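Each remark here refers to the structure printed beneath this line.
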Amino acid sequence: MAVQSLYRRYRPQRFSELKGQEHVVRALKNAVINSREGHAYLFSGPRGTGKTTTARILAKVLNCEKPIEGEPCCECGSCLAVQQGNSFDVIELDAASNNSVDDIRDIIAAASLGSPGRHKVYILDEVHMLSKNASAALLKTLEEPPSHVVFVLATTDPEKVAETIRSRTQHLQFHLLPIDELEAHVRWVVADAGIEISDEAIYAVLRQGAGSARDTLSALELSAATGGVLDEVTPVDEFVEAFIQFDAGRLLAAVANTVNFGRDPRTIVNDLVRHLRDCFLTQMAPQLVQLPESRMAVLTTQATHLGTPRIVKIIEGLGLSMNDMRNAPDSRVVLEVALVRLVHRELQTGVESLLARIERLEKELESRPTFAPAPVNPVTGKAVLGGRAAQDPSAPLVRPVVAPTPVVDTAPVVSGVGSAEQVAATWSTAVIGQLKGMSRAIAQMAKPIDRDGTLVLLVDNDPSAKRVSDNLPQMLGVIHQAAGGVCSVIVETRLAEARSAPIVRPDLIAEEDFIDPDEVKALPTISKASLKNELTDAFPGSELLSEEE
Ligand SMILES: [Zn+2]
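If you use UniProt numbering, the sequence shown corresponds to residues 1 to 549, in order.
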């Protein structure tokens, strides 16, 4: 005996067994109970949502010998014949393979003949595939249908069905199933069929079914047959991880694996777009996401890491690649180029990518602790005992020192004692002008002064001080040359000027990774006391009359 597929075995036999299409069921049952069934129905909706199953139930109840409140009895000869697929009253045709005008003429000729039951029901699947002439012939029949004939036209694409045909039918729309309903159904089938399967595998099954009852049960069957191991056909999580890491290599490997698995590049794009749309919805309208809770949590995390602007950008990029694939001889190459473009920073230009980076940095900032650095004793350079609680708002704002130790070049290109004063005077030409790339940008952060023969590089804040200190080894050669010999260099933080320091210096934007989260964070908090001081400084002789919180 051949093993019956789960989908066939659990195919609904009555209207009440249909899942998630209550509006359709109500309309059809009422029509049957009141004997007001139409001559032509158009059932539209995604694949696997029960269109032909519903058509068969309708055919069954219309010919049933003992219908019960609009439902077929499923016991009489007619019902059993329909269930076994050998009823003379029900004719099923796939318009995709019977789309010629002759096929339709045959149907029309047969339609006028009598049949054993009260109704002859024609189920015409994928009706949008009919040729123009065949559509015209069908239209003729629909205009003057024999009284005992009911046409059920099913389609996944109602827009492609001729308007003249659509307007002569009752159009009923089928929807994808809500995930909780589908999950309940799967769990019921699992229990009823005695299938051993883990929760994880059930979620994988639901993910693959994507709201289609038929696809879900097919996936369940496959999963059960392979002992719960269900290969995700498109490993969307792997793709998203690679996007998060900006890892082009990982993306290309994922494409290679998926294509080797027999997946078409267009389908990969579809799967990714659908997944990313769900990610996007977790941020914008979580109630619209049709996923089990545990899966929802995964997507929310992914969406947080990617950020909404980037998700939108990736969806747009994939959409464009879909267009390009139409005309390309090798759609895989188009997909690969699109993916690399989406993660390669240098290939991203314009304000959008800059904004995306700022957004990403802001995210990083939010996830860092926000407390201010502990106050430092200006004399010892060590943290003040008592920490932040003892912070004195009137404490001097000039604070040494991130790198107080004089840095001496171990391999000077010049000998003798150099002049710090000379370096400070010629900093922009003799030092900045001689440096390149990152070192040049970093040198621009510092304001050089000569303090008793030591070159002091003043910077706005601690993170800048760290960057300058870290880069000193690359700068020392040029500094010593400018000094005409070896000189000591120290880096100092100067908080007073930081208050007016810009966060983003347009002259440095060309530098990759210029925006350092530390720098953004280091904007000092202006205390009320110091703000008051500034106001009175700015308006000499003025007095603060009142202040509001
Ligand atoms: Zn019956």
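For glycine and all other residues, C-beta sits at the position ideal for the given N, C-alpha and C. A quick note: this is a predicted structure, and the numbers were derived from the prediction, not measured.
Item                                                                                                                              : Value
Beta-ladder partner(s) of S35, from DSSP                                                                                          : None; S35 has no bridge partner.
Cβ neighbours of L182 in the same chain (closer than 8 Å, five flanking residues each side left out)                              : K19, G20, L206, G209, G211, A213, T216
Whole-angstrom distance between R187 and L80, CA atom to CA atom                                                                  : 28 Å
Identity of the residue in E421, D89, Q287 nearest P448 by Cα                                                                     : E421
CB contact flag (R274, G307, <8 Å)                                                                                                : no
Backbone secondary structure at A210 - three-state DSSP                                                                           : coil
Residue range of the unbroken beta strand (DSSP E) whose run includes E92                                                         : 90-94
When I479, E159, T169, P146 are compared against L153, the one with the closest alpha-carbon                                      : T169
Alpha-carbon to alpha-carbon, E364 and H480                                                                                       : 38 Å
Beta-carbon contacts of residue 566 that lie in its chain and below 8 Å, excluding the five residues immediately before and after : Since the first residue of the chain shown is 1 and the last is 549, residue 566 is not available in this structure.
Residue 552 Cβ short of 7 Å to ligand 1 heavy atom set                                                                            : The first residue shown for the chain is 1 and the last is 549, placing residue 552 beyond what the model contains.
Any non-hydrogen atom of ligand 2 closer than 7 Å to K66 Cβ                                                                       : Questions concerning ligand 2 fall outside what the structure shown contains, since the ligands it does hold are ligand 1.
Endpoints, beta strand (DSSP E) assigned at P158                                                                                  : Neither: P158 is in no beta strand (DSSP E) and is coded neither H nor E.
Straight-line Cα distance separating E238 from K466                                                                               : 36 Å
Assigned secondary structure, K19 (DSSP; H/G/I helix, E/B strand, else coil)                                                      : coil
Three-state secondary structure assigned by DSSP to H148                                                                          : coil
When L139, A424, L142 are compared against D450, the one with the closest alpha-carbon                                            : A424
Alpha-carbon spacing of Q84 relative to V289, whole angstroms                                                                     : 38 Å
N323 versus L291, P265, I432, residue with shortest Cα-Cα distance                                                                : P265
Nonlocal neighbours in the same chain, by C-beta distance under 8 Å from T53, ignoring five residues either side                  : R11, P12, L18
Runs of alpha helix (DSSP H) wholly within the region 254-326 (minimum 4 residues, chain order)                                   : 265-284, 293-306
Spatial neighbours of V24 in its chain, beta-carbon cut-off 7 Å, leaving aside the 5 residues before and after                    : T54, L172, F174
Nearest-angstrom Cα separation, counted from S367 out to G485                                                                     : 46 Å
CB of E69 within 8 Å of CB of I33, strictly                                                                                       : yes
C-alpha gap between L342 and Y203, whole angstroms                                                                                : 29 Å
Cβ-Cβ separation, R494 to V459 (assumed contact under 8 Å), whole Å                                                               : 7 Å
8 Å contact criterion, which V90 and R118 should meet: CB distance rounded                                                        : No, V90 and R118 are not in contact; Cβ-Cβ is about 12 Å, not under 8 Å.
Nearest-angstrom Cα separation, counted from C73 out to A40                                                                       : 23 Å
Heavy atom of ligand 1 within 7 Å of E75 beta-carbon                                                                              : yes
Nonlocal neighbours in the same chain, by C-beta distance under 6 Å from L299, ignoring five residues either side                 : D278, C279, T282
Minimum C-alpha distance to R47 - residue among L58, T156, R166                                                                   : T156
Where the alpha helix (DSSP H) through E238 begins and ends                                                                       : 236-244
Buried versus exposed call for R310 [16 or more other C-beta atoms within 10 Å across all chains shown]                           : buried
P12 CB to nearest heavy atom of ligand 1 below 7 Å                                                                                : no
C-beta contact flag for I432 and L291 at 8 Å                                                                                      : no
Contained beta strand (DSSP E) runs [length at least 3] in the region 414-483, N- to C-terminal order                             : 447-451, 454-459
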